[in-house]
Amino acid sequence: MISVVGNIVPRDMKALLKAYEAGKHAEAVRLHYKLFALCRDMLGLATNPIPLKTAMKMLGRDTGELRLPMCAMDTALDAKLRATLVGYGLL
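Sequential numbering of the sequence shown, starting at 1021, is according to my numbering.
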């Protein structure tokens, strides 16, 4: 599986895959919708990988600086991203 959000919540992504592989489809669907909200709210803020790298930095997992033509998100978008991470239980 290739997953951008898996960089932020690898355990949850792994749990989704394990549930699906074990035939626990209701659990897999529940996890999918939980992860979908994080994906939508995080990745919809700016062009990838800007929100991903910003989230990783907020979580203390620095991934280096953005290179041009990418630039940092503005303060308002940073606040939305922080709220998304708080809402998911990561901060």
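All C-beta atoms, glycine included, are put in the ideal place defined by N, C-alpha and C.
Restricting to Cα atoms, I'd like to know which of the options is closest to residue i.
i	options	result
A1092	K1034, T1104, I1022, P1071	P1071
A1075	M1021, I1028, T1095, S1023	I1028
K1077	L1101, P1089, A1066	L1101
V1106	D1061, S1023, D1082	D1061
N1068	A1099, G1080, P1089, A1048	P1089
Using 8 Å as the threshold, is the C-beta distance between residue i and residue j below it?
i	j	result
A1039	L1058	no
L1063	L1097	no
Give every residue of the same chain whose Cβ lies closer than 7 Å to the Cβ of residue i, excluding the five residues on either side of it in the sequence, and list them in chain order.
i	result
L1086	I1070, K1073, A1092
Near residue i, which residues of its chain fall below 8 Å by C-beta distance, leaving aside the five closest residues on each side in sequence?
i	result
L1055	V1025, V1029, D1032, M1033, L1036
Is residue i helix, strand or coil by DSSP?
i	result
K1044	coil
T1062	Residue identity differs from the one stated: residue 1062 is Met in this sequence, not Thr. DSSP places M1062 in helix when its eight states are reduced to three.
P1069	coil
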